[in-house]
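Numbering (the working numbering), first residue to last: 609 to 818.
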Amino acid sequence: MKREPLNIGVMGSGRGSNCQSLIDAIAAGRLNARIACVIADVPDAFILERARKHGIPAFYLDPAPFKTKLDGVAETRYIETLRAHGVQAVALAGFMRIVKNGLLAAFPQRVLNIHPALLPAFPGMDAWKQALDYGAKVAGCTVHFVDAGTDTGPIILQRAVPVREDDTSATLHARIQEQEHLAYPEALQALAEGRLSVQGRRVIIQAPGA
Ligand code: GAR
Numbered sequence: 609m610k611r612e613p614l615n616i617g618v619m620g621s622g623r624g625s626n627c628q629s630l631i632d633a634i635a636a637g638r639l640n641a642r643i644a645c646v647i648a649d650v651p652d653a654f655i656l657e658r659a660r661k662h663g664i665p666a667f668y669l670d671p672a673p674f675k676t677k678l679d680g681v682a683e684t685r686y687i688e689t690l691r692a693h694g695v696q697a698v699a700l701a702g703f704m705r706i707v708k709n710g711l712l713a714a715f716p717q718r719v720l721n722i723h724p725a726l727l728p729a730f731p732g733m734d735a736w737k738q739a740l741d742y743g744a745k746v747a748g749c750t751v752h753f754v755d756a757g758t759d760t761g762p763i764i765l766q767r768a769v770p771v772r773e774d775d776t777s778a779t780l781h782a783r784i785q786e787q788e789h790l791a792y793p794e795a796l797q798a799l800a801e802g803r804l805s806v807q808g809r810r811v812i813i814q815a816p817g818a
């Protein structure tokens, strides 16, 4: 029996290339989901334009009064919008703000994030640059469930990217993003098919059709 598509709410702050990879994966039949809405905390974030181009409801929601976290009245506004669009899972896609317990409690075990490093190495901002500056030979990306910490939630999947001698911050980030665009749809498809289970810190992914 075919499952209903998973209703995803995407939250971002920037270019939205990861959101685009989800839109493309859905169109290609690789991701059984529907993007119910896109929310940005930056008024002119390109992610909003991408969403509107595809007929997806897209909103800038004022994140005030906090600078680095989503909390208080803003958090309530975000939760209400996600609920009003029937969202079942939230995909943070370049959302540059820490989400707090209110949102996590509204969507328990259903808030995911993509991070541009192989966690637990290099949490926080500009992670690919941190890896380059540190001299790491392997970088990558991580899709994980979000918990109350910063980039600390249970890891769903990771993809590695070798660091080249001549890499700049821009070239390394671009190659990491290629892997992000494969990893995020794959992780969300496993969620959509009910193939993810969390056992302590470990996320078990059942094989498709198993
Ligand atoms: C992505 O590389 C994502 O991993 C990163 O922001 C970029 C957003 O790109 N997220 C973080 O650093 C979160 N800590 P996009 O807007 O093109 O999807």
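Even glycine gets a Cβ: it sits at the ideal position worked out from N, Cα and C.
Cβ of residue i within 8 Å of any chain B Cβ
i: D775; result: Looking for chain B here will not work: only one protein chain is present.
Simplified DSSP assignment, three categories, for residue i
i: G743; result: coil
i: A641; result: strand
i: P770; result: strand
i: K677; result: strand
i: L690; result: helix
i: L614; result: strand
i: L780; result: helix
i: D734; result: coil
i: F715; result: coil
i: T856; result: No answer is possible for residue 856: the residues shown for the chain start at 609 and end at 818.
Beta-ladder partner(s) of residue i, from DSSP
i: H752; result: N721, I763
i: Y668; result: A648
i: Q807; result: R810
i: L796; result: DSSP, once it has assigned bridges, lists no residue as partnering L796.
i: L700; result: M619, N721
i: I706; result: K677
Counting Cβ pairs, one atom from each stretch, are 3 or more of them under 8 Å apart for the stretch 781 to 799 and the stretch 752 to 771? Short answer: they touch.
Does the stretch 651 to 660 come into contact with the stretch 613 to 628, if we say contact requires no fewer than three beta-carbon pairs (one atom in each stretch) closer than 8 Å? At 8 Å Cβ cutoff, the stretches touch.
Sufficient close CB pairs (3 or more, under 8 Å) joining the stretch 687 to 706 to the stretch 655 to 674: The stretch 655 to 674 and the stretch 687 to 706 touch, with three or more beta-carbon pairs separated by less than 8 Å.
Under 8 Å, with one C-beta from each stretch per pair, do the stretch 734 to 753 and the stretch 704 to 724 reach the 3-pair mark? Flag = yes, the stretch 734 to 753 and the stretch 704 to 724 touch.
With a threshold of 8 Å, are at least 3 pairs of Cβ atoms found where one atom belongs to the stretch 705 to 717 and the other to the stretch 743 to 750? These segments do not touch.
Is there contact between the stretch 683 to 695 and the stretch 767 to 781, where contact requires at least three CB pairs shorter than 8 Å? Segments in contact, no.
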